[in-house]
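Its first residue numbered 2, the sequence shown is counted upward by one per residue in my numbering.
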Amino acid sequence: MSVSLGDHPTISGHLGTIGVQDVLGFLANLRQAGALEIESADGEMTLYLDGGEVVGGRVERGAPAGPPEDGGGDRADRLTEEILRLGAWLPGAFRFFEGRTPPPDLPPVRIDVRGLLLEAARRCDDWSLLPGLYADPATRFEPLAEPHGDGAFSLTLAEWRLLYLARERRFLGEIWERCSPASPLETSRTLFGLVSARLLQRLRAAPAAPRRDLPAPADLAPPVLRPAASAAAAADEEPIDTVPVFAPAGGFPRPGAAAPRREPPRRRLSRAQIQVRRTGRLVQLVPADGERALPLAGEATALGRAADNDLILPDAHVSGHHARIVRDGEQFAIEDCRSSNGIRVDGRPAFRAALEGGEEIEIFPYRFRFEVSFEVCAPGLTGAAREP
Numbered sequence: 002m003s004v005s006l007g008d009h010p011t012i013s014g015h016l017g018t019i020g021v022q023d024v025l026g027f028l029a030n031l032r033q034a035g036a037l038e039i040e041s042a043d044g045e046m047t048l049y050l051d052g053g054e055v056v057g058g059r060v061e062r063g064a065p066a067g068p069p070e071d072g073g074g075d076r077a078d079r080l081t082e083e084i085l086r087l088g089a090w091l092p093g094a095f096r097f098f099e100g101r102t103p104p105p106d107l108p109p110v111r112i113d114v115r116g117l118l119l120e121a122a123r124r125c126d127d128w129s130l131l132p133g134l135y136a137d138p139a140t141r142f143e144p145l146a147e148p149h150g151d152g153a154f155s156l157t158l159a160e161w162r163l164l165y166l167a168r169e170r171r172f173l174g175e176i177w178e179r180c181s182p183a184s185p186l187e188t189s190r191t192l193f194g195l196v197s198a199r200l201l202q203r204l205r206a207a208p209a210a211p212r213r214d215l216p217a218p219a220d221l222a223p224p225v226l227r228p229a230a231s232a233a234a235a236a237d238e239e240p241i242d243t244v245p246v247f248a249p250a251g252g253f254p255r256p257g258a259a260a261p262r263r264e265p266p267r268r269r270l271s272r273a274q275i276q277v278r279r280t281g282r283l284v285q286l287v288p289a290d291g292e293r294a295l296p297l298a299g300e301a302t303a304l305g306r307a308a309d310n311d312l313i314l315p316d317a318h319v320s321g322h323h324a325r326i327v328r329d330g331e332q333f334a335i336e337d338c339r340s341s342n343g344i345r346v347d348g349r350p351a352f353r354a355a356l357e358g359g360e361e362i363e364i365f366p367y368r369f370r371f372e373v374s375f376e377v378c379a380p381g382l383t384g385a386a387r388e389p
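Have a look at this one:
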């Protein structure tokens, strides 16, 4: 892909080295006005974009998918079908001219690009139509955009749940299991749509800083939740339990697997129509006799050796009041309480660090992984309209 200025295309490239979904998602994210011209052996199309929407378009060459202009029907629906067909076109070239507006004789439309990309993903009915990373159980995703306050943006309830589940930075194999009874293909194609719509991106782990890897003593005492904290957690959090090893029933999918039956359209919901509850927990990684989930209750959780901490770490290397995890609204952070040996987050010394989920926290000799969980529901859906 190349970029230039002036009367020439501001962005141009070849479809084949970059997908049409990536091009549309990138331009929608820029939210600039302009004309996108696409040429291939299958046809030619011009789309006019403005503020993340298609506001006009026409097929210059190639058989239209919908009824003719005088054949009735909704013009936006016909253009939507034309755009969705782009995914089946042979590789070609694209050019984007910034600032170009639709000609006066072109009927106006308003089509949300993100909705287009999600609908294109919903129509994927075979593994071969998805990039290989969506069949890799070791893939992880992270948020790229925060949909709060965007009243025009809507998803199905299942898509909202998957968006927030992916924000927990879990491996794709875990997400498949959590989304059961939906098939892995259904889950992966929804993730593909969310990534194409620039709501998620693939998580690329940053290399950890060198660290002095000291072995934990064999007789390391386990962390202890104070009774008061445990009682409060029991009312609102998951119980302390062994973290299971996730694997989808029947093994991990392979390209070419049979596609599930396509489901009927579901109701689209805006962010204001759903309720999201966020919780946090520490998963103990050391000692290695079994991982334990330690729920975090309240606005602050104190960690240290002293008996008045919420999470007691009974080891001589730990200060009396070593650190605390604080919650401010929907955000979590860990703070060092001027301890003697400090804390490390993802292998790096830290005095205060934001926690998004998936970080490894070390309070020597203890090691934890911080996890967030989201519970998403739509109180307005009742009866037959309620989604799983």
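Just so you know, even glycine gets a beta-carbon here, dropped at the ideal spot from N, CA and C.
Integer-rounded CB distance, given that residue j should sit under 8 Å from residue i
| i | j | result |
| --- | --- | --- |
| Thr191 | Glu160 | 6 Å |
| Leu91 | Ser41 | 5 Å |
| Arg306 | Pro315 | 6 Å |
| Leu118 | Ser197 | 4 Å |
| Leu85 | Ala36 | 19 Å between Cβ atoms; not a contact. |
| Gly299 | Arg168 | Incorrect: roughly 22 Å between the Cβ atoms, too far for contact. |
| Leu16 | Gly93 | 5 Å |
| Gly44 | Val114 | Between Val114 and Gly44 the Cβ distance is about 20 Å, and since that is not below 8 Å, they are no contact. |
| Glu331 | Arg279 | 5 Å |
| Glu363 | Ile344 | 7 Å |
| Gly26 | Arg272 | The pair is not a contact, with the Cβ atoms about 19 Å apart (cut-off 8 Å). |
Close-in-space but distant-in-sequence residues of the same chain around residue i (CB under 6 Å, 5 per side omitted)
| i | result |
| --- | --- |
| Ala354 | Ile335 and Val346 |
| Pro103 | Tyr49 and Gly57 |
| Val225 | Ile313 |
| Thr140 | Leu134 and Leu173 |
| Val246 | Note that Val246 scores a pLDDT of 29, beneath 50, so its modelled location is shaky; the value from the coordinates is reported in the next line. Closer than 6 Å at the Cβ level, and outside the excluded window around Val246, lies no residue. |
| Val55 | Leu48 and Ile112 |
| Ala77 | Val110 and Ile112 |
Spatial neighbours of residue i in its chain, beta-carbon cut-off 7 Å, leaving aside the 5 residues before and after
| i | result |
| --- | --- |
| Arg269 | Ser155, Leu156 and Thr157 |
| His421 | One cannot answer for residue 421 here, as it falls past the ends of the chain, which runs 2 to 389. |
| Ala399 | Here the chain covers residues 2 to 389 and nothing more, so residue 399 does not appear. |
| Pro1 | In the structure displayed, the chain extends from 2 to 389; residue 1 sits before or after that span and is not available. |
| Ser340 | Ser320, His323 and Ala324 |
| Leu204 | Arg141, Phe142, Glu143 and Arg170 |
Identity of the residues DSSP links to residue i by a beta bridge
| i | result |
| --- | --- |
| Cys378 | Gln276 |
| Pro144 | Leu201 |
| Val1 | This structure gives no information on residue 1, because the portion of the chain shown stretches from 2 to 389. |
| Val1 | It is not possible to answer for residue 1, since the shown part of the chain is limited to 2 through 389. |
| Phe333 | Arg328 and Leu356 |
| Val373 | Gly281 |
| Pro350 | Arg345 |
| Ala301 | Val327 |
| Ala60 | Checking the displayed sequence, the identity of residue 60 turns out to be Val instead of Ala. Bridge partners of Val60: Met46. |
Cβ-heavy atom distance, residue i to the ligand NAD, below 7 Å
| i | result |
| --- | --- |
| Gly321 | In the structure shown, the ligand NAD is absent, as is every other ligand, since no ligand is present at all. |
Per-residue burial, residue i [other beta carbons within 10 Å of its own, 16 or more giving buried]
| i | result |
| --- | --- |
| Glu376 | exposed |
| Pro249 | Low local confidence applies: a pLDDT of 38 at Pro249 is under 50, so the model's placement there is unreliable, with the coordinate-based value given in what follows. Buried. |
| Phe352 | exposed |
| Asp337 | buried |
| Thr18 | exposed |
| Pro132 | exposed |
| Gly194 | buried |
| Ala308 | exposed |
**OP:** Quick one: which unbroken alpha helix (DSSP H) runs of 4-plus residues sit fully inside the segment 150-201? Chain order, please.
**Re:** 158-167, 173-179 and 185-197
**OP:** Kindly provide the ranges of any alpha helix (DSSP H) runs that are 4 or more residues long and lie completely inside the segment 82-136, ordered along the chain.
**Re:** 114-123
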